[in-house]
Each structure stands twice: as C-alpha cells, then as structure tokens.
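Only one structure is covered here, and it is reproduced in the block below.
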DNA sequence: GACGCAACTTAGAATGCTATAT
DNA sequence: ATATAGCATTCTAAGTTGCGTC
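Residue numbers (this note's numbering): 185 to 955.
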C-alpha cells in the first residue's frame, strides 16, 4: 500500500512539473458557476442519469465469481449481431449516397435547372454576407473619415476618394474571384462513389518539393571549442604551472560541412527550452558526432565546451533581416513562393485540379518530440530523392526527380491516397504526401466519418445497455471491456494503443491506463464513487478529471486494481484490437474513436439548442456557439498553452470597455440634455438632434455589449483550443444548419479554409438537418 | 492473438500575415 | 507610418485502425 502511494505521488509531481498550468479549467468545471459550465454539466448529468437508471435495473453481481476466470477464451459471442447493423460496408456507402443527396438527385431528374438555381442561391447568400461585411467596413471607414474631417477641418479630398474607389474595385475583384472559385469547385458530393477500395482513376503530379541544399557558413561566422574558462595545472618536473586554458572564445574550429550543418541546427534552437534538456542534448551530441570527421570527433568530446554563439547570433540576425525587408523584397519573396506552390502544390486527380496538403519534403533538423520524448534532439536526416517513393497514375506522366537523382520507386497504386512517401529515420515510420483537406479524397472520408457517427446515434442506447450489463459478466475480459467502454463513452477517452517503451514519450489512452493513473474515492466533494484521473494523453497533454461513476464501475475498478502495483495495466486483459473487434460486431464501422466523434457532435447540437435564442443578436449568438464549441473542447480535453500575451490583451480589452462605458455615460447625459431642450423649445431641428443622440447611445451600447461578450469569450477560452474539435469532431452540418436557423452568416463560424474544407456540408445542408 | 507495418486522422506548436491601435 | 495582437496557415508529431503474417 505504502509503496503504491509513494509511487503515485512521484508520478504526479513529475507531471505537474510539465503541465501544471493547464489544469485549472477542468478542475473548475466540476463546480462551474457560469452558463457554459452549467450547461455542460447538464449535458453530462443527463448521461449520468441514464447510466444510473440502468445500473439500478442491473442488480449488482457477485465479485468473487469473477476471480477464478483465467485467460481462457472469451465467450462473449453470445449476443446476436444486430440485424440493422450487419449491412455490408458497401451497402452502407451506397445507402448514404442515396440518403443524403438523394433528394437532390431525384429533383435533378425532374428538373435539370434545379442545381443551377441552388448554386445561384448559394452564391447570392455569400455575396450578401460578404457585401454586408464590406458595407459595414466601408461605413466604419467613412465614419472615421468624417470624424477626421470634423476634427481637422481638412477636406480629405482626392486621395480619399481614390482609395475608396480602389477599395470598391478590390471588393468587386474579390467577389468575382470568389464566384469563379465557386464555379470551379468540384462538386464531388453529387457524384457516384467508386467501387470498393479504389481511390482514384487518374493521378498526376510533379513530385515533392525538396528543401534547399545546405549553405555553409561564411568565414566571418565561427564555431569555437573549449569555450568556458578553465584552470589547468600542469606539473613539469618540480614545477607547477597554472594555466588558464580555453578562455573565451576558445579555439576557432572550422567544421566540415556535414558537421557544421548539424551544429547550425542546434545553434538555431539555443533560445528554445529543448536545448536545456539533458535528453535532448545527449541525443543531439551523439548524433552530431556521427556526422563529424574522425578529426572533429577526436577533438569535440564535450557539448559543454562548444560555443555556438556566433552561429546563433547570425541566425537571429537573419531572422531580423528578413523581418526588415522592404515591401518590394517581401513581395518578390512572396511571388517566388507562390511560384513553387503553383508548380508543386497541385495535382490532377480524375480531371480535377486538387491542392496538395504537404507537398514539401520535411527539411532536416533536430527531432522535436513532445513531452519527455526519449528521442528528442536526435538528428532528423535530409531526405534524398533516392529515399522517396512516387505514387501516380499509370497513364500519367511520371514526375521527374531532381537533376542527377532518381526515385527510390515509382508505383501506381490507386487504392491509396498518397502521392509520395519516405521512411523517416527517427521512428522508422513512413511519411506521406497527401491532398489538402478541401480535396475530394479527404472530404469524402470526412463525410463518411460523420455518417458512421450518426449511425451510432441510432444504436448507442442499446450499446450502452449492453456494456452496463457486461459490467457484471463472469468473464474478466468482458468486465474490463465494459468499464473501458464506459470511460470511452462517458469521458471521450481515446482508445489507447500500447506503445513500445523507450521509443516514445510515456503517454496513455483508455486501454493502456495503468493503476497509477487513477485514484478511487468512495467520497469526494460530496459525491460518491469518484474516480480521479491523472495521466498524460496524446501529445503529453495532461488529463485531469474527477468523475463520479456508477457503483458497478467503481467496484470493478477496485477489483481490477487489486494486487497490482504502479506500472501495472489497469485493463490487463484488454487491448484496443479486442475492444474494436467487439465494437465492430455491434455495428459495422464502429470503433472506439467513433464515440469521440459522436459525443462531440451530439454535444454541440445539444448545447446549441440549449444556449441560443433566435432573438439574440449576432454577437450573443456567436458567444453561444463558442460556448457550445468549448463544451466539446473540454470534453475532448483539447488544451493549449495560455497565450503569452493573454494577461496584457485582457487588460487592454478591459481598458477599452471602461473607456466605452464612460463614453456611453456621456452620450446618455447629452441625450437627456437634448431631450430637455427639444421639449422646452419644440424646435424640429432639435428633434433631429435628439434622434441622432439616441442613435449614438444605441450604437455605444451595442459596441459595449460586443466588447463585453468578447471579453467573456476570451477569458473562458484561455487554455482551451477550439480549433481541433471544430476541424475534426464536429459534424459541419450541425453548424451550417444552426447558421441557417439563426440567420448567422457562415463566415462568422468558419474562415475561408474551413469553408473550403466543409464545402460539401455548406452546400448540401438545409436548416432542418439533424445530426 | 501477437506483432509489425501501412495508411490515414488528429494534434498543438511554430510561424506567417493582416487588420487595428497608437 | 509603425507596432503588435490575434487570427490563419504551416508543420510535423502522435495518435487510431486495418490488415497480413506467423
């Protein structure tokens, strides 16, 4: 017992050191006071209720009957697969294609003009939104200008007009471009799907873009060895000399290009915390020495004696210089970049030009693993064309390797989506060049993902009932699986594959939880059966949560932890393969991660329903949207480091709010004054003054409200990252439908990139969509 | 059924860019 | 005109899942 506690303490302090600051939000969510937290709670409590209800029905089984069950084969198979979900994958796909755009294709058959109409409507919507936004902007500018005019009595004549015209022109151009883009967009979601595993029929591209070769340092920038001041006593015969050796800047050492390049990698990172870490330094030094010539290796034996300061300074100067380039130079740079994008950034896939997501080969550098990664600092090697496999269509032109080089292989595999791949030297894993998120290949898969999650919605109740039953199974595996599933469903934990020790940072997910990652509390903060989670998950992000669970789960956990020590697996009979195999027997396509998608999306939908009122203004609606989004981000534990400038920017905003408040007070008194005068004198001119003052007050109030809303939003968002859930977990159709229902322009929710990624959803979703 | 590989999604940090405040 | 806050984009690490092999 004692030793277990000690170890637990150790583990915790270790984690606290790295991610302590990120904790507060999750902790407070249990006792939340504001709207967002309350509604999140209510969402959860509903879930809780349902599980509690079924647990009552399921009378507590006897634990002891479990014990003797050994590793003998599982007998779970008993329940018959649900007929509804045994449809073949292909069937599912076909059905989906028919279900969703079916209406449209049917209508298309009846009246071929419809798609055009729809496109028009779609366009005009956007135009309107855009137009409105532009108008507002223009108005703002005009306001500003009039103020200036009044102030300075300076007619801002021709120049202002000109710029206004220019703005107008730019606006028109923008809209035109947008229209064009819309016209050119590949509406793949209206097309038939390919059979089975075929991903494309034609694929042509230029191959990956390679980073520039290493440019050796100029002679004016040097590396020095034996930097730190050191006292050396030399005894010759009867005499002793005290020598000060290696005094700064030490010996100038001209490194071979290979060694120098790696030295530069390190020097460039000197301002980063990485370079202070022992593991990082050791790994770097070991790999650096491998790149040295024998002479260099025999000289340079201690990283502490290396002086990279000149190289570091040069790098900083370079960064600075780039920042200070003239407008023209920057423009030229940008154009050169664009040229590269134009040439390498696109491919031709089934007659459509598609953007490539990452067309650049990753440049060499020092490996930046997250958390306590045992391989951090290792040299990530330069990739040569000889390392790269090209994948393209048989009947397409093969990309040419850089002059004097050849590809490792050229293949024509249309069952995969990648254009090029290579094996990386740190973990030995394969890296791919694939399409952008707005491509057909990615979009279709995304759509499919949400369809599977929606399918789960229709059978999640029966699945929940089943795992609640399984909590009292005679089989240990089944019980462990049930508890794991309970966590995955209720807490949106990741599956948790086992990882090779020493190869990666020590992180876990559900199935790989160890006993030291949870603490059981019979009583805690007025709740019974509380499980305290504390572990590092993906990307070494800490998951800390205190969760009241149903009695049966709690009892099982106690049982699983019996006779185990820290380091032992909580679910020792379970792994992700087993879990997923079971899940896919319950519903085709069901895996652990579908629960995350499902729970994220359903939470968004519920929260949006709960939080937004039709009568709210747009700012309030957006706050509600963000809160709903935030509820999901908290559920999924999507965290970020609080922005460095957070406190400052918060203070700034507060100051602005205060200023506006004062202004409002002033406007109000002025209005009163004007009213008084108007009443007493009855002058119609004064009446219009009153109207103007009224408008001013109103405007002021609106702006104040907007800022206050913004402040609340930002405060609540301090350590929460909304982007990940928005991009990967929330069915975009929920958001699109909400926008339509609430008269919120889609641009307020999704930026350009996101609108491109979710073009399929924006196009096909009606206001009555339900996840 | 354990294992390892391949392919793909999900993730936060770093960097770049732009609108806005000063 | 310039600085900078904050959003957008890029980058690539770190997961999940399915499949073939033994």
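Idealized CB from N, CA, C, for every residue including glycine.
**Study point:** Residues near residue 390 in its chain [Cβ-Cβ closer than 7 Å; skip 5 each side]
**Key:** 527, 528 and 583
Review point. Quick one: Cα of residue 885 to Cα of residue 823, how far?
Key: 34 Å
Review point. Which value, in whole angstroms, describes the spacing of the CA atoms of residue 392 and residue 476?
Key: 29 Å
Practice item. Classify residue 732 as helix, strand or coil using the three-state DSSP reduction. Key: strand
Point to revise | Cβ-Cβ distance between residue 437 and residue 494 below 7 Å | key: no
Review point. Who are the near neighbours of residue 820 in its chain, counting only those whose CB is closer than 8 Å to its CB and skipping five residues on each side?
Key: 676, 780, 784, 908, 909 and 913
Point to revise | Beta-carbon contacts of residue 559 that lie in its chain and below 7 Å, excluding the five residues immediately before and after | key: 467, 551, 553 and 610
Practice item. Look up residue 654 in the DSSP assignment and say whether it is helix, strand or coil. Key: helix
Exercise for review: Note down the Cα distance separating residue 303 from residue 532, rounded to an integer number of angstroms.
Suggested key: Bear in mind that the predicted position of residue 303 carries a pLDDT of just 34, short of 50, making it unreliable; the figure below should be weighed with that in mind. Taking the straight line from one Cα to the other gives about 24 Å.
Check your understanding: Between the C-alpha atoms of residue 942 and residue 364, what's the straight-line distance to the nearest angstrom?
Key -> 18 Å
Check your understanding: Would you call residue 255 buried or exposed, if buried means 16 or more other Cβ atoms sit within 10 Å of its Cβ?
Key -> Low confidence applies here, because residue 255 scores a pLDDT of 35, under 50, leaving its location unreliable and the question unanswered by this model.
Practice item. Kindly identify the DSSP beta-bridge partner or partners of residue 720. Key: 726
Check your understanding: Which residues share a DSSP beta bridge with residue 388?
Key -> 532
Review point. Count the other CB atoms within 10 Å of the CB of residue 828; is the residue buried (16 or more) or exposed (fewer)?
Key: exposed
**Study point:** For residue 858 and residue 870, the rounded distance between their alpha carbons
**Key:** 7 Å
Exercise for review: Output the boundary residues of the alpha helix (DSSP H) element that contains residue 832.
Suggested key: 830-865
Review point. How do the region 559-577 and the region 453-471 stand: do at least 3 beta-carbon pairs fall below 8 Å, yes or no?
Key: yes
**Study point:** Status (buried if at least 16 other CB within 10 Å, exposed otherwise) for residue 667
**Key:** buried
Check your understanding: DSSP on residue 301, reduced to helix/strand/coil?
Key -> Below a pLDDT of 50, predicted positions are generally treated as unreliable, and residue 301, at 32, falls in that range; no measurement from the model is reported.
Practice item. For residue 589, count neighbouring Cβ atoms within 10 angstroms of its own Cβ and tell me buried if that reaches 16, exposed if not. Key: exposed
**Study point:** Coil, strand or helix - residue 592 by DSSP
**Key:** coil
Practice item. Express the C-alpha separation of residue 881 and residue 157 in angstroms, rounding to a whole number. Key: Not covered by the structure: residue 157. The range shown for the chain is 185 to 955.
Exercise for review: Taking 7 Å as the cut-off, decide whether the C-beta atoms of residue 129 and residue 629 are in contact.
Suggested key: Since the first residue shown for the chain is 185 and the last is 955, residue 129 is missing from the structure and cannot be characterised.
Review point. Sorted by chain position, which residues of the same chain lie with C-beta nearer than 7 Å to residue 926's C-beta, five sequence neighbours on each side aside?
Key: 796, 798 and 805
Check your understanding: If you run the structure through DSSP and keep just helix, strand and coil, what is residue 603?
Key -> coil
Point to revise | Exposure of residue 876, with buried meaning 16 or more beta-carbon neighbours within 10 Å | key: exposed
Review point. By a C-beta neighbour count over all protein chains shown, 10 Å radius and 16 as the cutoff for buried, is residue 812 buried or exposed?
Key: buried
Practice item. Decide if the region 570-578 is in contact with the region 632-652; the criterion is three or more beta carbon pairs, one per stretch, under 8 Å apart. Key: no
Exercise for review: Out of 697, 680 and 738, point me to the one whose CA is closest to residue 964's CA.
Suggested key: The question about residue 964 has no answer here: the residues shown for the chain are numbered 185 through 955.
Practice item. With distances taken Cα to Cα, identify the nearest neighbour of residue 607 among 848, 567 and 636. Key: 567
Point to revise | Nearest to residue 915 (by Cα), restricted to the options 834, 772 and 636 | key: 636
Review point. Nearest to residue 724 by CA position, among 790, 524 and 689, is which residue?
Key: 689
**Study point:** Those residues which DSSP pairs with residue 705 across a bridge
**Key:** 714
**Study point:** Residue from 701, 742 and 719 whose Cα sits closest to the Cα of residue 713
**Key:** 742
Review point. For the candidate residues 659, 782 and 753, whose alpha-carbon lies nearest to that of residue 700?
Key: 753
Exercise for review: Ignore the nearest five residues each way along the sequence and tell me which others in residue 893's own chain have a CB closer than 6 Å to its CB.
Suggested key: 803 and 807
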